[in-house]
Structures are given as C-alpha cells and as structure tokens.
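Listed in order, the protein sequences are those of chains W and S. Okay, so the first sequence: first residue is 987 according to our numbering, each after it adds one. Okay, so the second sequence: first residue is 987 according to our numbering, each after it adds one.
2 protein chains.
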Amino acid sequence: MKACILAVGSEMLTPSKTDTNSLSITERLNQFGYDVRLKAIVGDDIDELAGILRLALTWADLVMITGGLGPTEDDVTRDAVARVLEVPLDVDEQIVDRLRERFAKRGLKMTDNNRRQAMVPRGATVLENPHGSAPGLLMKHGRTDIVLLPGPPREMSPMLDAFIREHIAPVAGARVLYRRVLKITGRPESEVDSVAFPVYESWMKQATPIATTILASLGQIELHLTASARTAADAHDALDAAVAQLHEALGPSVYSVDGRSLEQVVGELLHARGMTIAVAESCSGGLLASRLTDVPGSSRYFDRGVICYSNEAKTELVGVPESMLSEHGAVSEPVARAMAEGIAARAGTTVGVGITGIAGPGGGTPEKPVGTVFVAVSVNGDVKSRGLKLFGGRDMIKFQSAQAAMNLLRLALL
Amino acid sequence: MKACILAVGSEMLTPSKTDTNSLSITERLNQFGYDVRLKAIVGDDIDELAGILRLALTWADLVMITGGLGPTEDDVTRDAVARVLEVPLDVDEQIVDRLRERFAKRGLKMTDNNRRQAMVPRGATVLENPHGSAPGLLMKHGRTDIVLLPGPPREMSPMLDAFIREHIAPVAGARVLYRRVLKITGRPESEVDSVAFPVYESWMKQATPIATTILASLGQIELHLTASARTAADAHDALDAAVAQLHEALGPSVYSVDGRSLEQVVGELLHARGMTIAVAESCSGGLLASRLTDVPGSSRYFDRGVICYSNEAKTELVGVPESMLSEHGAVSEPVARAMAEGIAARAGTTVGVGITGIAGPGGGTPEKPVGTVFVAVSVNGDVKSRGLKLFGGRDMIKFQSAQAAMNLLRLALL
C-alpha cells in the first residue's frame, strides 16, 4: 500500500520552517503497512496543489493532505481537491451550526468567511475536529483514499488517530512495516556496499520482503532495513535473520544493530568489564570527552580528561617527554601512545586514550598535512595505535578523530 | 522566477528523518529573487523521481535535486534525469581519474561501483565536488535549469555556493532578499520580544521593508531580519540601520550581529587582549573546550582543559581542597570558583573557567536537583561566578552550561 503526504502552506517554503506533521503521519501509517513514497510541500496555490494531487492519484492508495483548511482566502485545499475530483462544493449546514456554536461559546460572533470551512466536496465524509474549527474530510477516488487534515499539529494529531482507528485499523489485516538500522564505522561506503549488496540483493523477493538502503554520514555508514510483513512477529523474524547475515558478512566493523551510538556501545563495554577510562586529547579539543560523557551514567566509568593543546600541557598533564616532542613532533604516533599511557597512569584508570593531530585549517606541512591524526588506546597497559589521513573542515576532522579513537578502543575491548 | 527543490533518499521518508538541505537552498535562492513553490521528497525510485521531475518541468524555471548521486545501486538520480530528458548517460573518464586519485590519496583502491558516479547525462555541465566523490551536474531543458547536487550538506553547501556564484548571480535582476541575524543570550524569549517589538513593528511599512522573526533555540534567541530591496546597497543600508536600533535597545545581551558564534566572539575578545585561557569542566564534560577549539586559530589562546568528573580529579588536576568538597559538595559555587582559579594558576593563563553541576538524568537531590549548575571565570585573578537552574535533558544541560560560562566570560571581558 503506497501513501503520499502533501503539506499545504507557503510558510513551509521559507528558509526557516518546514513540514514536520509528515513525520508522525509516516510513523502511524507504517504501522499499518503503508509505505510513504512521496512527501511534498506546496504553497497556498490551487493550481500547484491540484498538479501534485493529480500526480499522486496515478499511483497512491492513500493521499494525506495537511493544511489549507482554514477560513481565509489562501486556504485552498478544499477547492483544489474538488477541482481535481470534478465534484461541486456544497455548504454543510451542520458544520455551519457547529462553527456558530463554537464562536458563541467564546463570546464571539462568527464572521462570514468561516462559512468556507463548511464547504464539503460532494460525497465526502466529514471528520470531526474536537480541537479546532476546520473539520477534516475523507474522499474516495477510484482505489485511492484522500484525507484532508488541518495543519496545526494539536488539531491534526487527534484527528489522525481517530481516522486510523475508524477507517484504517479495521481493514488493515494488510501488512506492517518495521525497521532495523546497522551502524558501521572504519570502512568507506563503496566497500561496505560491495560487501553488503550480494547479501541483501535478493531480500526483496522473500516471503517477507526487506528493502535495504545505505546511508553514509561523517565517520559512519548506516544500513537501513525495512521489512514488510503480515505480522509484527514475521517482520522481527525476517529482520533478525537479515541482521545476522549482514553482521556476519561485515564482521566487527558493525558496531550497533539497535540504534545505539558509538559512545554508548563503548561505554557499555567499559561498564560491563568494570573498567574506568581517562582521555588525553589534542586536536579533538575535548570532543571525545564530551561525546563519552553524553551517555547517561558515564560517571560510572569516565574518570577524567585533559585537553593538552600546548606542548607544555602535554608534558605537564600526561608526562610526554620533551625529548619525544622535539624528536618526533607533537603530531606523531609515539606522542599519541605516550598520551594514552600517561593519562591512564596518572588517573589510575584501566583505559587511557590519546589523540594528537592537525585539525586545520592552519598548521599543516608537506609531511604532515591538515588531517594527519594519530590515535592510541592503552588497555591494562597494552597499547594500540593508528595513523589517519582525514579530510574535511576542522569540525569534521575533530569528529572523525574522536570516532576513530572510540572505534580503536571498541575493537580492543571486543 | 519559480524554483522547485527535490530531495532524493528513502531514509527521508521514514518517521525519524526529513530533508533539511532545502532550507539553506531556499535561503540562497530567495536572495536572487527565486520563489520556491514546491519541495518534494522521493525515495530511491527511478519512476517516482521521474514522475515528479516531469511535473516540475511544466512550470519551474529552476529544479534543484539533492541526493542520489552516490556510487550504489540505489543512487538513481542521474538515471531518472537522463530518462526524463531522453539523453544517454556517458562515462566521463576525467571524473573516473579524479575518483581513482581521491581513493589513492587515502590509501584505498577504488571499487568498480564508483564508476557510477562518473556517469553524465549527455550535454550536462559537471560541477566540481571538492568535499566528496560525487560531482554535481547542471542541465538545460527548455527554459528550465536542472541542477543535481549531492545529499550530504558538507558537500552540497559549497557546491551550491559555487553554482550560485557562477551561474545565478551574474544574470540575476529584480528584487533581492537579504537577511541579517542578531544573536542574543542570557535573556528569555518573551523579554527579548517585548523589548524588540516596539522597535521593529513599523519596519514592514518602510521604503525597503524588513520582516522580523524571532527564533528561540537552546540557550539563545535569534532575531532574523529580512529586507526586500531593489539593490544590495539598499538592503544593506536598511539592515544596518535596523541592526543598530535593535542593538541599542537590547544592549550587551546581543553578542553577534554578523553570524559569529559565541565561541568565535569570545575567542576574538581573548585574542584581541592577548590573553590565554584554560578551562576546568565537570558536568559539561569537555563540551566547553570542544566548542572553544572549534574556532580555527584557537590554539593562539586556548592552552589546555581538564575534565574532572571524579572528586579525586578535581583535587589532583585543579587543586580543589578536599575540605571544600566535603563542606559544600562538588556541585557548589565555591568549587566552581576554585576550579576557575586553580586551572588558571596551574596552566599559567590569564583566564580560567570552572563549571560544575548535575547534568542528569541521575544524581539530583531535593536541594540540588538535576540542572543545578555553577559557572565561574577568573580574569587576571578577578573571579566572577553564577548559579543556574537549567532545564532539559543531559545534552541540553551540558550545552547551556557551556553557553552560560562563555557568556559570563564575554561580559567580564567587555
């Protein structure tokens, strides 16, 4: 079952606002097997709304339209729908009475433009609006249901619930959509896909089909699996099997299959092992400590962090020997290792992490360009380290440095 | 001039993600007189993308398509556009070479699926992507410009700027829209608006009208001024006058009128005064240091930071006396002050900052609930401090703590 969500309102076409109703509508529709295939935002323009509605009617089983049901001239949704369906608009006197009553209750006289809200395309079912003046409308066009809901979320949301309860749930039987997300770090997108594609390519042909999309963001790749199933149990079974297959193919580069962030995963590994951690950062500037302490309860394992930007700070705070700094330079693998060991020793923690590098935009040299970063972890005195060549702006290099250090630690703890 | 923005990617049709690229694209297009009339999000489906593109081509002067340009099977934008325009896709060997080089630089071998990124609809102009692998594309169809940009904002944004500079700005005419943003911290939204409203209420009636919107986000308020003018000079004159009036009314709570972040403003104050800074954080967990070091060139004034989560760390790293911790508790104004003084003394910097508090969700008590935070700054030995009662989740309390500490420092430096 394919759905389309149209949001009507010129304010959502400005640089500071967008449609958010569609997120909660998508969530509810997914639960009843509807797949949202198109979301669109149009202004208060009858021709443009009519154009996109005509397109949606060529393929959608359900079109949800939010907004444009108010009393003013620029509320054009009813007119656009009536035009596309080629039906007249009638005034529904019951709605007029309810509107008049609503105004009277507030000690107000109903202005004439409110009659627009009582216009109903012939054949439509009226959906009550207990939280506002504009009623919703439900129409059939061939195999497609067209539902008009008000724009304000406090009015839209209860009306959506009632519509689903009364019109969707009883006939659902249908199929349900469930999602699972695998998170991967330390490998480029094209490599992840070339490993994953042979695994997932046939999943759409299964009894419980699973759609797979791959999504690259800074320092991580996500594989989104969406199963369309007859029951929640079928969906979960199919997803469990799918996740297991991908996990086996991709190995330990998969760090999460249940939405957890890398800092949560690392935190849970530390906590489960009764370990404590201290970190020494240079180019990441405190971002690693900040991400680790974003996790509620991180004070159980996070003891301290130091940000040693200057050479003096590296010597004073974590005991990097001056001779090492002058021999190898502050941005070097031995210094990263000394930072990891030094902070663990000074803090008396099981784990120490060191990060040193050049976040840019200045400070690069031909031998050590911007993006040169070394990360090191010390776990019970056993030190592992890695050199990285990172791309991007300062904030991106900071993020990827922290990401790489956490991943090195995760792999060392597995 | 009418524009349409299409975002391609199935992940943006899920309940938890939506398109945000269109906001910054709208802002830039508005500046050159383009009116965005339709925004749509479609999945990674060639037929659906082709359908909406055909519709947009019936009325739009400019169609911007973001996403779906990557190397994988579900990146379908190039194919959909070629199908609609009825042109073949050719492999551009120059792009292949650049991709191969990009992989080699990172010590990686290019997998074959990356050749997809070098497919170019015949007749298209290639737009360079300095921040990623997928190039953008520009095509003409009748009177309509079709522009394909990558989905990740860090790649999309610079390519958009270059496209506008090279292809839009030179031929722009008509009215231009310009924006200015005032950033304010340390006062509630309602108070800011009650001061600002009498200043801006008549601006829409001016020769160069200015629309004002107020936007509250975590720990700061923004006033967005949008001038609609015949020339850039007219817009700037009107905005300069408007900004000056608001600045006078709101006083030093305005920290930026030119887009600079609070960390940039503080950094520039420190640098201008030849000062150096060291920070000691507890509940903010390194976020203050990370934000201060987000600023390029911050190594000129940022010396070091310590994150002293445990009581031992507070004593060892910044010399908070154990007696003070047991008498007042770790979350107390004297401890925040001792942290600010202690870190400045140990690092030998002009400025020290201390933050201690309860970020939650655990750790609160009736006397010191979650959100109790103390911030302190020491400037040349002169210590100022403030107690705060913050609301929100753990990350929100961390952010507001760092924000309040930077603002306390900013006001002390003015």
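Backbone N, C-alpha and C fix where the C-beta goes; we use that ideal spot for every residue, glycine too. These figures come from a predicted structure and were not determined experimentally.
From the options, residue whose alpha carbon lies closest to that of residue i
| i | options | result |
| --- | --- | --- |
| W/N1297 | W/Q1389, W/R1290, W/Y1287, W/E1308 | W/E1308 |
| W/D1280 | W/E1254, W/F1360, W/N1016, W/E1175 | W/E1254 |
| W/N1393 | W/P1282, W/K1370, W/V1022 | W/K1370 |
| W/L1163 | W/K1354, W/A1398, W/E1013 | W/E1013 |
| S/S1176 | S/E1152, S/S1203, S/M1096, S/N1366 | S/S1203 |
| S/R1040 | S/T1130, S/P1174, S/A1333 | S/T1130 |
| S/G1053 | S/A1120, S/R1259, S/S1387, S/L1071 | S/A1120 |
| S/L1248 | S/D1179, S/L1075, S/R1396 | S/R1396 |
| W/P1057 | W/I1081, W/E1034, W/M1190, W/E1072 | W/I1081 |
| S/L1146 | S/I1170, S/P1116, S/T1199, S/R1173 | S/P1116 |
| W/L1232 | W/F1183, W/P1195, W/T1342, W/R1246 | W/F1183 |
| S/V1157 | S/P1320, S/D1368, S/Y1020 | S/Y1020 |
| S/L1400 | S/E1034, S/A1258, S/G1343 | S/A1258 |
| W/K1003 | S/K1354, S/L1009, S/S1002 | S/L1009 |
| S/I1207 | S/E1072, S/A1230, S/D1179 | S/D1179 |
| W/R1380 | S/S1214, S/M1096, S/Y1295, S/R1277 | S/R1277 |
| W/T1301 | W/G1283, W/S1284, W/P1282, W/A1324 | W/A1324 |
| W/S1284 | W/L1256, W/Y1295, W/I1170 | W/L1256 |
| S/G1367 | S/E1327, S/L1311, S/R1069 | S/E1327 |
Rounded Cβ spacing between residue i and residue j (contact assumed at less than 8 Å)
| i | j | result |
| --- | --- | --- |
| S/A1197 | S/T1212 | 5 Å |
| W/G1350 | W/V1356 | 4 Å |
| S/A989 | S/A1046 | 6 Å |
| S/V1317 | S/A1266 | Not quite, the Cβ-Cβ distance comes to about 14 Å (not below 8 Å), so this is no contact. |
| W/A1331 | W/D1289 | Not confirmed; about 12 Å, so no contact. |
| S/G1291 | W/I1293 | 4 Å |
| W/L1048 | W/H1127 | That pair is no contact at about 11 Å. |
| S/A1345 | S/I1383 | 5 Å |
| S/F1385 | S/G1205 | 6 Å |
| S/L1094 | W/P1174 | 6 Å |
| W/D1061 | W/R1102 | 7 Å |
| W/G1348 | S/P1282 | 7 Å |
Own chain residues within Cβ distance below 7 Å of residue i, not counting five before or after
| i | result |
| --- | --- |
| W/P1139 | N1007 |
| W/D1078 | A1104, V1106, V1112 |
| S/L1071 | P1107, M1125, H1127 |
Close-in-space but distant-in-sequence residues of the same chain around residue i (CB under 6 Å, 5 per side omitted)
| i | result |
| --- | --- |
| W/D1065 | I1032 |
| W/D1005 | A993, M998, I1027 |
| W/L1374 | V1359, A1390 |
| S/A1398 | V1363, V1365, K1370 |
| S/G1029 | S996, L999 |
| W/K1091 | none |
| W/G1172 | S1239, N1393 |
Residue i and residue j closer than 7 Å at C-beta
| i | j | result |
| --- | --- | --- |
| S/N1099 | S/L1085 | no |
| W/G995 | W/G1137 | yes |
| S/V1251 | S/S1239 | no |
| S/V1306 | S/V1339 | no |
| S/I1132 | S/M1125 | yes |
| S/R1166 | S/L1225 | yes |
| S/A1388 | S/L1274 | yes |
| W/I1011 | W/M987 | no |
| S/I1154 | S/F1377 | no |
| S/A1227 | S/I1329 | no |
| S/P1074 | S/R1108 | yes |
| S/T1199 | S/T1262 | no |
| S/S1270 | S/T1342 | no |
| S/A1221 | S/A1230 | no |
Beta-carbon contacts of residue i that lie in its chain and below 8 Å, excluding the five residues immediately before and after
| i | result |
| --- | --- |
| S/V1181 | A1235, L1236 |
| S/G1272 | G1291, I1293 |
| W/F1149 | L1113, G1122, L1124, V1133, L1135 |
| W/P1144 | P1116, H1117 |
| W/H1314 | P1320, V1321 |
| S/M1190 | I1196, A1197 |
| request: Kindly provide the ranges of any beta strand (DSSP E) runs that are 3 or more residues long and lie completely inside the stretch 1198 to 1232 of chain S, ordered along the chain. | output: 1206 to 1215
| field | In chain order, each alpha helix (DSSP H) run of at least 4 residues that lies wholly inside the stretch 1057 to 1092 of chain S | value | 1063 to 1071, 1079 to 1091
| request: Taking only runs that begin and end inside the stretch 1247 to 1282 of chain S, name each unbroken alpha helix (DSSP H) of 4 or more residues, in chain order. | output: 1248 to 1258, 1273 to 1278
| said: In chain order, what are the residue ranges of uninterrupted alpha helix (DSSP H) at least 4 long that sit wholly in the stretch 1125 to 1168 of chain S? | reply: 1139 to 1149
| field | Whole beta strand (DSSP E) elements within the stretch 1357 to 1388 of chain S, 3-residue minimum | value | 1358 to 1365, 1368 to 1375
| task | Would you mind listing the alpha helix (DSSP H) stretches within the stretch 993 to 1058 of chain S that are 4+ residues and don't spill past its ends, in chain order? | result | 1007 to 1017, 1032 to 1043
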